[in-house]
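Chains as they are written, first to last, in the working numbering: chain A, 4 to 334; chain B, 681 to 982.
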């Protein structure tokens, strides 16, 4: 190597093979083929990564070859993200999510949950009172396409038939899928709107409550109160709970952005986002359950008391899952 | 000229915070000087992803229609096809970004093509919930403006139209959010504590001074001649040599010959002369670097 004059060249010649080896390992790992890496290769990456970091420091201090430094910076950046990135496998991630992150996030949101729940209940009561006092309100609370013919002019028989009609037994799973995707989309929107200082989220939650109250009032006026209760409750405890949590997650974010407290607005938003994110991922799961209960469970279970029993046990299950104290999780 | 403290390891890049360069110290104690993605790159990556989503949706729809057509509207199979279509459309809209960013590359195909990836702003791990949040907020950044755009053009009543238009302006704030902050954060990035950085796959280019000994044997530069320039000029010269544009090579070679008073033989080519001078200059500057002095540019006389 005596014919090489520059020290930076000698430096490069001696280490180039190591860098290329790291590059090849990273390409393999990033290509989603982490499993195909052998144990030796997996252990080799951090070692070679640290060697590359040291090369980068040396190169910055001694070499003036800009392209070499850019290459090493790129290589170390990729290595950093791989070595320090989350590499737990999916099963572990899921286990952690169901055992700690999800219930923990909902517990952390209890105040927001109370607020969203209060808005939902108050607006439901308001909807009920309004429609009971003056049936004309129904039209303004429930737009025509949402009411699907369920309005004060409909016959009692028609209203009753909707409660127990099974859509001809066909397409139940399609119906359930549709309900799930629709509700999930709306809840994600409600959550995202929380960023606008909570107000639109509160409006969406209140809208849900109002239409709920209006519908109950309409059926109650025909003496079908308990029946509509069963029709709603079988999936409603799950779906409305999900709606409350989604609203609560939105509130958390909007509140953090509006009133960051001691932290900077960015830090407060990021911290709120992490809690709210885990809760929202859980909301999507709850809506899958609600969609199945509504699309399949409600169409097959026709007995009112059975519907109440299913709804109540679902509520008990969720409350227990989220709020029952459990052994301290290992951290 | 007052003394400017110059340390050997002074970064050649602008100070952190300027432009889209960010200080990013990894646990090994080295500053990676991350480059943030520009608004244009972000928009480009997003457009590529949108095209992929649309094409997948069209393909999915065609397959579903074919399946329903083959099995009849009432059959069990067609029910399955409908379900798969509904779920598929939902996954494309709400899951595409999240699922791709959960992979080790932390980037959607569009971002991959442009050499970008998502990273946690605090340098920590990029958690699944952060990815979920940053993409859930696309709902108000993209889909809400789209919905309101549709509503404002569909509304017949002038009051409705005005309301929808006001809504559109309001939601435009979320859409254009990245243009109004230094770090090019989307609303989703802000809430999730993430940002999008450049992490391209760099190729290791050849060393321009590789055959320096042979060249330098032919070109004997004096000490004064190699002292004419500093690091900044060296790197400009490197760039010129890597591009190999004949016109620029000639122009630069002329400038340098005049500056250092070089009278070369007629047979030397511009590229040869420049490569040799590059090697000589780099040898000189790197030598001084080893002795603790980084000469920034030709005005740095210390």
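Just so it is clear, CB atoms sit at the ideal spot from N, CA and C, and this is done for glycine as well.
Chain B contacts from the segment 281-294 of chain A (Cβ-Cβ distance under 8 angstroms): 281, 283, 284
Quick one: what's got a C-beta closer than 8 angstroms to residue 214(A)'s C-beta in the same chain, skipping five residues either side? 130, 144, 145, 149
What residue does the alpha helix (DSSP H) around residue 874(B) start on, and which one ends it? Residue 874(B) -> not in any alpha helix (DSSP H); beta strand (DSSP E) instead, spanning 874-878.
Three-state class that DSSP yields for residue 701(B) in the structure shown: Residue state, collapsed to three classes: strand.
Consult DSSP for residue 93(A) and reduce its assignment to one of helix, strand or coil. helix
For residue 796(B), list the residues DSSP reports as bridge partners. 878(B)
To the nearest angstrom, report how far apart residue 912(B) and residue 712(B) are at their CA atoms. 20 angstroms
Coil, strand or helix - residue 714(B) by DSSP: Strand.
Spatial neighbours of residue 970(B) in its chain, beta-carbon cut-off 6 angstroms, leaving aside the 5 residues before and after: none
Between which two residues does the alpha helix (DSSP H) carrying residue 822(B) extend? From DSSP, residue 822(B) is part of no alpha helix (DSSP H); its letter is neither H nor E.
Is the segment 220-239 of chain A touching the segment 273-288 of chain A in the sense that three or more CB pairs, one from each, lie closer than 8 angstroms? Contact fails: fewer than three Cβ-Cβ distances are below 8 angstroms.
Going by beta carbon distance, what residues of the same chain come within less than 7 angstroms of residue 690(B), once the five residues before and after it are set aside? For residue 690(B), the predicted model reports a pLDDT of 43, less than 50, meaning its position is unreliable; a value from the coordinates is still stated below. Answer for residue 690(B): 974, listed in chain order.
First and last residue of the uninterrupted alpha helix (DSSP H) at residue 286(A): In the DSSP annotation of this structure, the continuous segment of the alpha helix (DSSP H) that includes residue 286(A) starts and ends at 268-295.
Using CA atoms only, rank isn't needed, just tell me which of 710(B), 716(B), 708(B) is closest to residue 862(B). Comparing C-alpha distances from residue 862(B) to each of 710(B), 716(B), 708(B) shows the shortest one belongs to 716(B).
Between the segment 180-199 of chain A and the segment 93-109 of chain A, do three or more beta carbon pairs fall short of 8 angstroms? no
is_contact[residue 198(A), chain B] using C-beta, thresh 8 angstroms: yes
Give the straight-line distance between the Cα atoms of residue 80(A) and residue 843(B), rounded to the nearest whole angstrom. 48 angstroms
Please classify residue 858(B) as buried or exposed, where buried requires at least 16 neighbouring CB atoms within 10 angstroms. buried
Give me the residue from 300(A), 121(A), 122(A), 110(A) with the minimum Cα distance to residue 324(A). 110(A)
From which residue to which residue does the alpha helix (DSSP H) around residue 82(A) run? 69-87
Looking at residue 820(B): is its Cβ nearer than 8 angstroms to the Cβ of residue 854(B)? yes
Positions along the segment 212-241 of chain A whose CB lies within less than 9 angstroms of some CB in chain B: none
Just the Cα atoms here: how many angstroms apart are residue 196(A) and residue 267(A)? 21 angstroms
For a contact defined as C-beta to C-beta under 7 angstroms, what are the partners of residue 111(A) on chain B? Under the 7 angstroms cutoff, chain B gives no residues; its nearest Cβ is about 12 angstroms from residue 111(A).
Nearest CA to the CA of residue 142(A): which residue from 179(A), 201(A), 221(A)? 221(A)
Would you mind telling me which residues of chain B sit closer than 8 angstroms to residue 277(A), beta carbon to beta carbon, in chain order? Residues of chain B whose Cβ lies closer than 8 angstroms to the Cβ of residue 277(A) are, in chain order, 807, 809, 810, 813, 872, 873.
At a CB distance below 8 angstroms, what residues from the segment 901-917 of chain B approach chain A? Give them in sequence order. 911, 914, 915
Report the option in 45(A), 307(A), 133(A), 15(A) whose CA atom is closest to the CA atom of residue 55(A). 15(A)
Answer with yes or no whether the minimum CB distance from residue 258(A) to chain B is below 8 angstroms. For residue 258(A), the answer is no, since every Cβ of chain B falls outside 8 angstroms of its Cβ.
Proximity winner among 40(A), 243(A), 260(A), relative to residue 211(A) (alpha-carbon distances): When C-alpha distances from residue 211(A) are compared across 40(A), 243(A), 260(A), the shortest belongs to 243(A).
What does residue 191(A) reach in chain B if we use C-beta pairs closer than 8 angstroms? The contacting residues are 774, 816, 819.
Would you mind reading off the limits of the alpha helix (DSSP H) that contains residue 851(B)? 838-855
Between residue 763(B) and chain A, is there a C-beta pair that is closer than 8 angstroms? Yes, residue 763(B) counts as interfacial toward chain A.
Quick one: is residue 708(B) near chain A, going by C-beta distance under 8 angstroms? yes
Name the chain B residues whose beta carbon is nearer than 8 angstroms to that of residue 204(A)? Those do not exist, as residue 204(A) stays about 11 angstroms from chain B at its closest Cβ, beyond 8 angstroms.
Residue span of the alpha helix (DSSP H) that contains residue 861(B), given as start and end: Taken as a continuous stretch (DSSP letters only), residue 861(B) belongs to no alpha helix (DSSP H), as it is neither H nor E.
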